[in-house]
């Protein structure tokens, strides 16, 4: 059994240094790895990223992350990612990584993702160049996720997890105003997950959403935004034969 700890939307700043570390130090007792589902900072500044880096530096379990929209706000996502990686975090964007959990190789495929909406109420690649690029960007993120999941399968990962910031399904947005669903996720991510296959999908972003959901293909989806789970992290169990 693989124990996956996950949280997103921790939105750390200078005054929150040390807030989560006591809980993170308990991870070896209950989890095999920690996933961070984006929006780790408030405005994506290097100063805030250093706070997050210190919060997870030297943890006794592997840490894998994607960035969120807040982590892009200061237009320095590469710097944010570099500071996290210097602290030992594997930051993913359209790629995968493998974590050894005992005898099991757990593959994590990650992308920030983007918006666009869900089947029947989604943006189309039509009209003005800006609208076309909006949808194309969402598609590129989803394609990167699918490719990463497929590559992990080729590498023999018995268990695979899709890690995103934006949601792949509308289920986990329940509680948010329906008018903003298109800005909270896209069905393209779910299509990628169902096409390539995964055992679990983890995302954040929807602070007023719902924890549990599922893709059309039956993959479990969990919204781990901290305002939703209301704790330092949640732990999800995966079996080798899931």
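Numbering (the numbering used here), first residue to last: -4 to 237.
Ideal Cβ placement from N, Cα and C applies to all residues, glycine included.
These numbers were taken from a predicted model, which means no experiment stands behind them.
Annotation: residue 122 to residue 111 spans about 15 Å, alpha carbon to alpha carbon. DSSP, reduced to helix, strand and coil, places residue 52 outside both helices and strands of the structure shown, so it counts as coil. Taking all protein chains in view, the Cβ of residue 125 is surrounded by fewer than 16 other Cβ atoms within 10 Å, so the residue is classified as exposed.
Going by DSSP, residue 102 is part of the beta strand (DSSP E) stretching over 99 to 106. Under DSSP, residue 171 shares a beta bridge with 169. Residue 197 and residue 128 have their C-alpha atoms spaced approximately 26 Å apart. Rounded to the nearest whole angstrom, the C-alpha separation of residue 205 and residue 168 is 6 Å. Ranked by Cα distance from residue 109, the options -3, 63, 77 are led by 63. Shown here for residue 31: same chain residues with a beta carbon closer than 6 Å to its own, the five before and five after excluded, namely 60 in chain order. Counting only the Cα atoms, residue 210 lies some 33 Å from residue 82. DSSP places residue 96 in the uninterrupted beta strand (DSSP E) bounded by 90 to 96. In summary, residue 172 is exposed, with fewer than 16 beta-carbon neighbours lying within 10 Å of its beta-carbon over all protein chains present. Residues 182 of the same chain have their beta carbon placed closer than 8 Å to that of residue 114, with the five preceding and five following residues left out of the count.
Only residues of its own chain outside the window of five on either side were considered, and among them 42, 43, 46 have a CB closer than 8 Å to the CB of residue 9, listed in chain order.
Under the three-pair Cβ rule at 8 Å, the stretch 185 to 200 does not count as touching the stretch 80 to 99. At a Cβ-Cβ threshold of 8 Å, residue 6 and residue 27 do not count as neighbours.
Contiguous beta strand (DSSP E) elements confined to the stretch 97 to 157 occur at 99 to 106, taking only those with 3 or more residues. Around residue 69, the same chain offers 38, 39, 40 as residues with beta carbons nearer than 7 Å, after the five sequence neighbours per side are excluded. In this structure, 186 is the residue among 72, 186, 14 with its C-alpha nearest to the C-alpha of residue 139.
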